[in-house]
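A.B. asks:
Chains as they are written, first to last, in the numbering used here: chain A, 1 to 182; chain B, 1001 to 1513.
1) Does the stretch 1288-1295 of chain B touch the stretch 1253-1271 of chain B, meaning 3 or more C-beta pairs lie closer than 8 Å?
2) What are the residues that DSSP puts in a beta bridge with residue 1076 of chain B?
3) Here's the rule: buried if 16 or more other CB atoms are within 10 angstroms of the residue's CB, otherwise exposed. What is residue 1251 of chain B?
4) Would a C-beta distance cut-off of 9 Å place residue 1121 of chain B and residue 1046 of chain B closer than the cut-off?
5) Among all the DSSP beta bridges, which residues are the ones paired with residue 1364 of chain B?
6) Mapping the DSSP letters down to three states, classify residue 1194 of chain B as helix, strand or coil.
7) If you measure between the beta carbons of residue 163 of chain A and residue 1142 of chain B, is that distance less than 9 Å?
8) Starting from the beta carbon of residue 1153 of chain B, find every residue of chain A whose beta carbon is closer than 7 Å, and list them in chain order.
9) Name the residues in the stretch 1443-1455 of chain B whose C-beta lies less than 8 Å from a C-beta of chain A; which are they?
10) Which residue comes first and which comes last in the alpha helix (DSSP H) that contains residue 9 of chain A?
11) Run down chain A in chain order and give the residues with a C-beta less than 8 Å from the C-beta of residue 1149 of chain B.
12) Does the beta carbon of residue 1013 of chain B sit closer than 9 Å to a beta carbon anywhere in chain A?
13) From residue 1194 of chain B to residue 27 of chain A, what distance separates their C-alpha atoms?
14) What residues of chain B sit near residue 74 of chain A, judged by a beta carbon separation below 9 Å?
15) Using only the alpha-carbon positions, how far apart do residue 1159 of chain B and residue 1283 of chain B sit?
16) By Cβ distance below 8 Å, which residues in the same chain neighbour residue 1014 of chain B in space, the five residues on each side in sequence not counted?
17) If you draw a straight line from the C-alpha of residue 1183 of chain B to the C-alpha of residue 1177 of chain B, how long is it?
18) For residue 1230 of chain B, name the three-state secondary structure that DSSP assigns.
19) What distance in whole Å lies between the Cβ atoms of residue 1405 of chain B and residue 1337 of chain B, which are believed to be in contact at a cut-off of 8 Å?
20) Could you pull the start and end residues of the alpha helix (DSSP H) that residue 1066 of chain B belongs to?
21) Where does residue 1108 of chain B land, buried or exposed, given buried means 16+ other C-beta within 10 angstroms?
22) Does the beta carbon of residue 167 of chain A sit closer than 9 Å to a beta carbon anywhere in chain B?
23) In whole angstroms, what separates the C-alpha of residue 1492 of chain B from that of residue 1081 of chain B?
24) Between the alpha carbons of residue 1342 of chain B and residue 1096 of chain B, how many angstroms are there, rounded?
25) Report yes if the CB atom of residue 1099 of chain B is closer than 9 Å to the CB atom of residue 1350 of chain B, and no otherwise.
26) Between which two residues does the alpha helix (DSSP H) containing residue 73 of chain A stretch?
27) Beta carbons nearer than 7 Å to chain A: which residues of the stretch 1127-1143 of chain B have them?
28) With a cut-off of 8 Å, do at least 3 Cβ pairs link the stretch 141-151 of chain A to the stretch 1114-1128 of chain B?
29) Can you grab the Cα-Cα spacing for the pair residue 1300 of chain B / residue 1330 of chain B, in whole Å?
30) Residue 1462 of chain B lies in the alpha helix (DSSP H); which residues open and close that run?
31) Would you tell me roughly how many angstroms separate the C-alpha atoms of residue 20 of chain A and residue 12 of chain A, rounded to the nearest one?
32) Chain A partners of residue 1006 of chain B, CB-CB under 8 Å?
33) Would you say residue 1075 of chain B reaches chain A, if we count a Cβ-Cβ gap shorter than 9 Å as a contact?
34) How is residue 1071 of chain B classed by DSSP in three states: helix, strand or coil?
35) Does any residue of chain B have a CB that is nearer than 9 Å to the CB of residue 147 of chain A?
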């Protein structure tokens, strides 16, 4: 976005960022798996809003459709199929030492993010100012993704569908309750 | 020769015909397998159809070999190496399905989908043999691994099977992470996933010693080392091989290894020839560790499937010697070795299937005591397999020439690997300790009192044993025909050892202006 960022934009960007972080925190602290999954949906929606504000409207829409929609439904299915039992029965497997170590790693990663934000990105990895918005205005948000996906990487795309099919068949074969041969 | 344009149907079938036929046929068979209630008759019918499909695809691949088409660049390689690797893979697939049909019936696993999963795994392996792009390598490995993970646990009544399958899945996923991270770093260093482009950029930009690329190659080597069960990444193999159904164990030991080695050789020869100096010591070290660990621990095994697991680790070490040599003969030596190893492994596992007593009880080497007196032909067949795995001249047939060609590749490479060759010969002598022990037990020990003779050999299992014995002995008499074919159209890779000095010269040239 060329020029100074309008206050309206900045306000909403940080608003959605805060919602995403807060709901992610609530998501990992819930004991009930269904409630946790619902909070994850909120995180996904806030992320989608952030994508839209970053001129990636297509990824924003896909985020809602695929993550908040399809994948969360599968999560809920798995949670209900597995029937984990009462939340109180699910004991925390790790002791205090593990929690402290995990917290330290998390703080380290957070510090890394702040360090990266303050530093400058090397030239080959950064786009010129306003480049994404120009591209979206010139050829829309979908065709820069669709072009490579269905031309250059079509073979890889099709093989991926075979990989997913195999994973599903394998899971069903292993998971099916078996009656012995007659 | 430009790469094939996959959007033109004629060029698509020329480049990917057998692969597409196998994937399409397997998908149709999947529908048929799921159509009926599970039963032994249905399992058998789907198995026969899968075998027929495998034979047709194999014939198609061999026909493609004689078309002598070739193309460079692009994501898919079209060359003799690929078609011959496909033939070895499909031979293993055929054996696996044949043994599975009988084994499923005996172990009462009426799952028709198990054969289709083998076909899916094989289509992933064929992609691995053809992949000229790291993306396709990754997808091929995943397609192969996902179906083999579920195959490992197909016998749900076996506690050891469940344990093995879970271990295989978790450690395999862990190894995949290494592989993917390595690919990401190689991409970060070179900006491309295409093998030929990686090679040319490494040479042009002088990246051979860039830390990003070297760490990427190292992580790739760890990932591949896991898939081929090279020491010290072999820990999963004995438990998984022991717990899985025997046909699947043979498939994992021989065919998965063949596909992983085909991809490993192609990636190393086509993408990283300029970084030869950086990776050669690592591959040589891996080969030495694998040969010593596999053969030394193999001596201590009493369970025959665990013994063959360590033997399989040792063979991965021998194959790594061919890779470490980095010579023009490495590819053909590796292909011949994989063919001989596939035949001997499936033959040996077919005999183990006959010896198995069910009830999830492992087959011990001592169960073979005095087999000569009750089932002489079976004992003779097993003896040939053991001698072939050992690499014994004449009676070991193809196994002897397999080791011979690997030694030749190591010694005639531009940078002769004398140390590796010496260790190969010495560890082979050590391996005689466990291969000949099986032969000794079968022919010289008396049959224990009151032990029941193994049941009748089912027809398909017997066919696998007979075919393996004949093929091993024939290849032991006339090995050169196969090798000449493999050598004629070896992949377009520049032999690594020759390329290393040339690469440094050309980078020096680009640096001066």
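For glycine and all other residues, C-beta sits at the position ideal for the given N, C-alpha and C.
C.D. replies: In brief:
1) No: fewer than three Cβ pairs fall under 8 Å.
2) Note: residue 1076 of chain B sits in a beta bridge opposite B/1131.
3) With 16 or more other CB atoms across the displayed protein chains lying within 10 angstroms of its CB, residue 1251 of chain B is buried.
4) No, these two residues do not count as a Cβ contact at 9 Å.
5) Note: residue 1364 of chain B sits in a beta bridge opposite B/1303.
6) When secondary structure is reduced to three states using DSSP, residue 1194 of chain B falls in the strand class.
7) Going by C-beta atoms, residue 163 of chain A is nearer than 9 Å to residue 1142 of chain B.
8) Within chain A, the residues near residue 1153 of chain B are 174.
9) So nothing in the stretch comes that close.
10) Start and end: 7-29.
11) By Cβ distance, chain A contributes 170.
12) Answer no: the Cβ-Cβ gap between residue 1013 of chain B and chain A never drops below 9 Å.
13) Approximately 40 Å, taken between the alpha carbons.
14) Result: empty, since nearest Cβ-Cβ is about 17 Å, beyond 9 Å.
15) Computed Cα separation, rounded: 36 Å.
16) 1004, 1064, 1067, 1069 and 1078, listed in sequence order.
17) Between residue 1183 of chain B and residue 1177 of chain B, the C-alpha separation is close to 10 Å.
18) When secondary structure is reduced to three states using DSSP, residue 1230 of chain B falls in the coil class, being assigned neither helix nor strand.
19) Confirmed, about 7 Å.
20) Boundaries of the alpha helix (DSSP H) around residue 1066 of chain B: 1040-1067.
21) Under this definition residue 1108 of chain B is an exposed residue.
22) For residue 167 of chain A, the closest Cβ of chain B is nearer than 9 Å.
23) With a pLDDT of 44 at residue 1492 of chain B, under the threshold of 50, the predicted position of this residue should be treated as unreliable, though the coordinate-derived value follows. Straight through space, the alpha carbons of residue 1081 of chain B and residue 1492 of chain B are spaced by roughly 10 Å.
24) Going by the C-alpha atoms only, they are around 11 Å apart.
25) In this structure, residue 1350 of chain B lies closer than 9 Å to residue 1099 of chain B by Cβ.
26) Unbroken alpha helix (DSSP H) run through residue 73 of chain A: 72-82.
27) Closer than 7 Å at the C-beta level to chain A, one finds these residues of the stretch 1127-1143 of chain B: 1127, 1135, 1136, 1139, 1142 and 1143.
28) In the pairwise beta carbon analysis, the stretch 141-151 of chain A is classified as not touching the stretch 1114-1128 of chain B: fewer than three pairs are separated by under 8 Å.
29) So the two alpha carbons sit approximately 32 Å from each other.
30) According to the DSSP assignment, residue 1462 of chain B belongs to the alpha helix (DSSP H) that extends over 1459-1477.
31) Their Cα atoms are separated by approximately 12 Å.
32) 154 and 155, listed in chain order.
33) So yes, residue 1075 of chain B belongs to the interface.
34) The DSSP-derived three-state label of residue 1071 of chain B is strand.
35) With 9 Å as the cut-off, residue 147 of chain A does not count as an interface residue toward chain B.
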